[in-house]
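Going by our numbering, the first residue of the sequence shown is number 1135, and it counts up by one from there.
We put the beta carbon where it would ideally sit given N, CA and C, even for glycine.
Only one structure is covered here, and it is reproduced in the block below.
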Amino acid sequence: MTIRDALKKTRKIQIFEDTPMVAKTVAEEFKGIFPEIQIEVVKKANTNENGVFSIAIGSIGDLKKRGIDFFKTDKENFVFCKIDEQGAGVLACSHQQFLYGYASNLLDDELDKSLEPFLKGKLTEPAFKWQRSCYDYFLTQPGRIQKNLNRETYIKQMAKFGFTHIEVNGLAYPMALETGPEGETYPMFYTYCPALDQFVYSDLNK
């Protein structure tokens, strides 16, 4: 049986009242592929009903209070996913930034793979708690004037790839207009920040 076969039997996805918005976003991604799924907001998970799948975010202690106690771990950062042959199970993350990337990988790349690793639950420890782009050409650099650039789609794709943070600081204009220091031949290159030795001379850059 594949993961797709099991999720076709999922009748309901439960998310929690005070959960971050990403849980609802992920639930809607599931529903986009499996339209029969109903999304329900609850206070506590119902883990004894066939075809009920829960999406939750929190520490082991938080999850237990919500009725999710399928697993134990001493890891601070984790993602746990369990799916049975009737489409019931749970997708639980210690932190909200792990949820969308993991779910996207599951729905986009894993659906036609064997369900076997998930039957007893699969625990994953993310390599990094947070990961950001550096010198983001399309969000804060000259590429932000790219024709037909859809920032929402771009950021969504970054989240899918596992990025947890994005750059928001940039110049007011896509590129620098200042002439730069004396001797500078390409001032427009500095769209992000100048090198320390452009303006400062000290023991640090002798």
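The alpha-carbon separation between Leu1225 and Ile1189 amounts to approximately 5 Å.
Around the beta carbon of Leu1311, a 10 Å sphere encloses fewer than 16 other beta carbons of the protein chains shown; the residue is thus reported as exposed.
Lys1146 has its alpha-carbon roughly 5 Å from the corresponding atom of Gln1172. Between Asp1218 and Ala1140, the beta carbon gap of about 7 Å places them in contact (Cβ cut-off 8 Å). At the C-beta level, Val1302 and Thr1274 come within 9 Å of one another. Rounded to whole angstroms, the Cβ separation of Cys1215 and Phe1252 is 6 Å, and the two are in contact under 8 Å. Take the alpha-carbon of Trp1264 and the one of Ser1228: they are about 13 Å apart. The C-beta of Tyr1271 has fewer than 16 other C-beta atoms within 10 Å across all chains shown, which makes the residue exposed. Taking the C-beta atoms as reference points, Lys1165 is found no nearer than 9 Å to Gly1221. Excluding the 5 residues flanking it on each side, Thr1153 has same chain C-beta neighbours closer than 8 Å at Ile1189, Ala1190, Ile1191, in chain order. Distance from the CA of Val1213 to the CA of Leu1197, rounded to the nearest whole angstrom, comes to 12 Å. For Phe1272, the three-state secondary structure derived from DSSP is coil. Remark: C-beta atoms of Lys1294 and Asn1239 approach each other more closely than 9 Å. Between the alpha carbons of Ile1279 and Ala1306 lies a distance of about 12 Å.
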